[in-house]
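Remarks on the structure that follows.
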Amino acid sequence: MKKVNILKWIIVICLVLLAGIAFLSGIYLKQQWDRTTYFENTTINGFDASGKEPKELLTELTKAYSAPSVTVNENGEEAMSATLDQLGYEVDQSALLERLNQALAMQKSSIPVLIGSLMNGNHFQVEVTFTFDEAVFNAAVNSAALKNPRTASVDAQMLYDEPTKTYYIQPEVNGNEMEDADLQALVKEQVDSLTSAEDPQEDLTIDIPDSIYIKPQVTGDDVELNNICNIYNHYSQAVITYTFGDETEVLDWNTIQNWLTIVDGNGVLDENQIWEYVARLASKYNTIYHDRTFHTSLGTDVTIPGTENEYGYLVDEQGEFDQLIADIRSNTQVQREPVYAYSGYRRSGVDDLAGTYVEVNLTTQHIWFYVDGQLIVESDLVSGCVSKGTETQTGAFPLAYKESPSVLTGGDAANGWRTEVTYWMPFFDGQGLHDATWRSSFGGNIYVNNGSHGCVNLPYNTADKIYNNIEAGVAIILYK
Numbered sequence: 004m005k006k007v008n009i010l011k012w013i014i015v016i017c018l019v020l021l022a023g024i025a026f027l028s029g030i031y032l033k034q035q036w037d038r039t040t041y042f043e044n045t046t047i048n049g050f051d052a053s054g055k056e057p058k059e060l061l062t063e064l065t066k067a068y069s070a071p072s073v074t075v076n077e078n079g080e081e082a083m084s085a086t087l088d089q090l091g092y093e094v095d096q097s098a099l100l101e102r103l104n105q106a107l108a109m110q111k112s113s114i115p116v117l118i119g120s121l122m123n124g125n126h127f128q129v130e131v132t133f134t135f136d137e138a139v140f141n142a143a144v145n146s147a148a149l150k151n152p153r154t155a156s157v158d159a160q161m162l163y164d165e166p167t168k169t170y171y172i173q174p175e176v177n178g179n180e181m182e183d184a185d186l187q188a189l190v191k192e193q194v195d196s197l198t199s200a201e202d203p204q205e206d207l208t209i210d211i212p213d214s215i216y217i218k219p220q221v222t223g224d225d226v227e228l229n230n231i232c233n234i235y236n237h238y239s240q241a242v243i244t245y246t247f248g249d250e251t252e253v254l255d256w257n258t259i260q261n262w263l264t265i266v267d268g269n270g271v272l273d274e275n276q277i278w279e280y281v282a283r284l285a286s287k288y289n290t291i292y293h294d295r296t297f298h299t300s301l302g303t304d305v306t307i308p309g310t311e312n313e314y315g316y317l318v319d320e321q322g323e324f325d326q327l328i329a330d331i332r333s334n335t336q337v338q339r340e341p342v343y344a345y346s347g348y349r350r351s352g353v354d355d356l357a358g359t360y361v362e363v364n365l366t367t368q369h370i371w372f373y374v375d376g377q378l379i380v381e382s383d384l385v386s387g388c389v390s391k392g393t394e395t396q397t398g399a400f401p402l403a404y405k406e407s408p409s410v411l412t413g414g415d416a417a418n419g420w421r422t423e424v425t426y427w428m429p430f431f432d433g434q435g436l437h438d439a440t441w442r443s444s445f446g447g448n449i450y451v452n453n454g455s456h457g458c459v460n461l462p463y464n465t466a467d468k469i470y471n472n473i474e475a476g477v478a479i480i481l482y483k
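Residue numbers for the sequence shown follow this note's numbering, so the first one is 4 and each next one is one higher.
Structure, rendered in C-alpha cells:
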C-alpha cells in the first residue's frame, strides 16, 4: 500500500513538473514570438543580425552598400572620383526595410520554424536595390567634369609649302574629346554591375579606353587625300613669267589652282577659265588695230583710229592657249613672251613704243626721231602732194625694212617715174622715208602743190641720221 502511494506522488510530481515546463515553455515561446529583433545566430547578407531590429540592420547595410567610391582613370591618372550618392545612386531603404522585416517574420512563420530558428539560427540573403537619379548622374559624369582639358581631334590635311611649291600631308592629330553619352554609358554599365551585386563591393576603378575618343574623320593614309596631293604636285610648280619688255606678269599656282578640278580621281584643267585668262591677257596687251592715243612732241594728244593703227602687238589666242596648257602641264618655270600673231619692235608693258619711234606731223610738216626716249634728230619735211591726191597716209606702221642705196619707181607706163635715193625706209603701201636731195627747201606749205608721190621727203642729213639709227619694225607715227 505504501509503495502505491509513493508511485502516485511521483506521477503527480512529474505531471506538475511537466505542466510547469510546458507553461514556462509557452511563456518563452510567446516571448520569442512577440520579439522585434532577430534571433541569435542570425546573419543577413553576411552581417550579424543577432538581437538587432531591422532598422538597425538597415543602417548597417545602407552604409556598407553605399561605401564604394567610383574613380575614373584616364591615361593611368585619376580623372574624376565620386561617391555613389554623388552619382545619383542611393540604397532604396524603403524596399530594403521591407525585405528585412520579411526576414524577421520568416523566423517565426510557424511554431516549428520558430523552434528551429531558436535552435539553429538563420542565414538570410536579401536583395539590396538602388534608386537612380539620371539628372544627378549626367550632371556628375560628363567630359567637362574630367580633370584633363579636352582637345579636339584634327583631320589629316593637305598643306602647301611655299618655298618648295609642293603639297604634303600633315598627319591627323588624335584628341581626347568624347561624347558625354559614351562616357556616361561606360560608367553607368560598371556602376550598375557594382550596385546589383549580392554583397557589398570594394571601390570601383574605371579606365577610359582609347576607343571612346572622337577620332579624326580623315587620316594621313586616306586614299582620296593622297591622290589629290599627288595631282596638285603635278601642277603646283608651274610658273609662267610673261615678259613685256622690261615688265613682267607672272602666272603661278595661286591662279592655276582655281583652274584645276578633280574628276573621277583625275586632275582636269578648266579650259574655259584658261581661255578667259588668255582673252584678258590679249585685251590688256594687244595694241595693234585699236585706237591709239599718242602724245605728240608739241605736247598735244592725237588719236590714231584702229583702222589706221597697223603697228603693235596682237596675241595669237589659240597659239597662246595651246602653249599655256603645255607650260602648265610641264610643271616647270618658264619665262617667255606671249605667242604673238603680230609683234612690234619693242615694248614696255602696255607701251608698245618704249621711247623708240618716228613721229611725223603732216600739218606742221615736221619729223622727230627718238631712240630710248632720246631725240636723235628732227627737221622739216615734205609729204605727199595734196593737190595731186597723193597725200601721205596717216596712221601707225612698222618700218618694213631699210635699203641703201635704192631706186624708187612708180606710176604707169605713160606716166611712170624713177628716182634714185641714198636712204630708203618704207612703211606703208609704197610710202616711206627717204632723202630728197633734189629739194632745196622743206616744210611750210610745199606739200600742198609740190608734194611727193606719197613718201616723206627728208633732208639728206636727216635721212642719214635716221637710217643709221633705225631698225626694221620701229614704229612710224603719222598724224595731222
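Glycine is no exception: its CB is placed at the ideal position from the N, C-alpha and C atoms.
Everything numeric in this text was worked out from a predicted model, so none of it was measured.
For Ile47 and Ser156, what's the separation of their Cα atoms in angstroms? Distance between the alpha carbons of Ile47 and Ser156 is about 52 Å.
Hey, would you say Ile345 sits closer than 8 Å to Ile307, going by beta carbons? With the sequence shown as reference, residue 345 is identified as Tyr, and Ile is not the correct amino acid for it. No, the pair does not count as a contact, with Cβ atoms beyond the cut-off.
Excluding five sequence neighbours on each side, which residues of the same chain lie with their C-beta closer than 8 Å to the C-beta of Ser455? Val385, Ser386, Gly387, Cys388, Thr393, Thr395, Ala439
Please state whether DSSP places Ser196 in a helix, a strand or coil. helix
Is the distance from the Cβ of Ile479 to the Cβ of Leu402 below 8 Å? For Ile479 and Leu402, yes; Cβs fall inside 8 Å.
Going by DSSP, name the residue or residues bridged to Asp354. Assignment of beta-bridge partners to Asp354 by DSSP yields Ser351.
Would you say Val221 and Val73 are within 8 Å of each other, going by their C-beta atoms? Taking 8 Å as the Cβ cut-off, Val221 and Val73 do not qualify as a contacting pair.
Which one of Arg295, Tyr314, Glu313, Ser382 has the shortest CA to CA distance from Val305? Here the closest residue by C-alpha is Arg295.
On the DSSP bridge assignment, give the partners of Pro203 in chain order. Bridge partners of Pro203: none, in fact.
Beta-carbon spacing of Thr303, Ser382 below 8 Å: Taking 8 Å as the Cβ cut-off, Thr303 and Ser382 do not qualify as a contacting pair.
Does the Cβ of Ile484 have 16 or more other Cβ atoms within 10 Å, making it buried, or fewer, making it exposed? Because the chain spans 4 through 483 in this model, residue 484 falls outside it and cannot be assessed.
Residue ranges of each alpha helix (DSSP H) within the region 76-149, 4 or longer: 96-109, 114-123, 137-143
Is it true that the region 52-59 meets the region 174-183, where meeting means three or more beta-carbon pairs spaced less than 8 Å apart? These segments do not touch.
In this structure, how does DSSP classify Gln35 when only helix, strand and coil are distinguished? The predicted model places Gln35 with a pLDDT of 45, which falls under 50 and marks its position as unreliable; any figure quoted below should be read in that light. Note: Gln35 maps to helix in three-state DSSP.
Have a look at Ser351, Pro429, Leu100 and flag the residue whose alpha-carbon is nearest the alpha-carbon of Glu250. Minimum Cα distance to Glu250 is reached at Ser351.
Glu490 by DSSP, collapsed to three states: which one? Given that the chain is displayed from residue 4 to residue 483, the structure contains no residue 490 and the question cannot be resolved.
State the DSSP-derived secondary structure class of Asn497, mapped to helix, strand or coil. For residue 497 there is no data in the structure shown, the boundaries of the chain being 4 and 483.
Best match in Gly457, Gly54, Ile277, Leu87 for proximity to Glu262 [C-alpha to C-alpha]: Residue identity differs from the one stated: residue 262 is Trp in this sequence, not Glu. Ranking Gly457, Gly54, Ile277, Leu87 by Cα distance to Trp262 puts Ile277 first.
Using CA coordinates, which residue listed in Phe400, Phe431, Leu378 is at the minimum distance from Ile469? Selected option, being the one with the closest Cα: Leu378.
Can you check which of these residues, Val459, Gly447, Tyr404, is closest to Gly476 by C-alpha distance? Considering only Val459, Gly447, Tyr404, the residue with the shortest C-alpha distance to Gly476 is Tyr404.
Decide if Ile259 is buried, meaning its Cβ has at least 16 other Cβ atoms within 10 Å, or exposed. buried
Locate the alpha helix (DSSP H) running through Gly322, then write down its first and last residues. 320-333
Tyr316 and Tyr348 closer than 8 Å at C-beta: no
CB-CB under 6 Å to Ile30, same chain, minus the five flanking residues each way: which ones, in chain order? Reliability fails at Ile30, whose pLDDT of 42 lies under 50, so the model's placement of it is uncertain and the value that follows must be treated cautiously. Once the five neighbours on either side are set aside, Ile30 has no close Cβ partner at all.
Is it the case that the Cβ atoms of Val144 and Leu64 are separated by a distance below 8 Å? In this structure, Val144 keeps its C-beta atom at 8 Å or more from the C-beta atom of Leu64.
Quick check: the region 168-180 against the region 208-227, are at least 3 beta-carbon pairs closer than 8 Å? Yes, since at least three Cβ pairs between the region 208-227 and the region 168-180 fall closer than 8 Å, the two stretches touch.
Reduced DSSP category for Leu228 - H, G, I as helix; E, B as strand; rest coil: helix
What residues are listed by DSSP as bridge partners for His369? Asn364, Asp383
Since I believe Glu323 is in contact with Val281 (beta carbons under 8 Å), could you give me their beta-carbon distance rounded to a whole number of angstroms? Right, their Cβ atoms sit about 5 Å apart.
Are there 16 or more other CB atoms within 10 angstroms of the CB of Asp37, so buried, or fewer, so exposed? With a pLDDT of 46 at Asp37, under the threshold of 50, the modelled position of this residue cannot be trusted; read the value that follows with caution. Asp37 counts as exposed, since fewer than 16 other C-beta atoms from the protein chains shown sit within 10 angstroms of its C-beta.
Residue burial classification, Ser196 (beta-carbon count within 10 angstroms, cutoff 16): Exposed: under 16 other Cβ atoms inside 10 Å.
Checking 8 Å against the spacing of the C-beta atoms, do Thr397 and Val374 come in under that value? Not a contact, by the Cβ cut-off of 8 Å.
So what does DSSP say about Ala344, is it helix, strand or coil? strand
Check each candidate in Ser239, Val410, Val253, Gly248 and name the one with the smallest Cα separation from Leu162. Ser239
Span of the beta strand (DSSP E) holding Glu250? 250-254
Hey, quick one: how far does the beta strand (DSSP E) through Arg283 stretch, first residue to last? Run containing Arg283: none in the beta strand (DSSP E); it sits in the alpha helix (DSSP H), 274-288.
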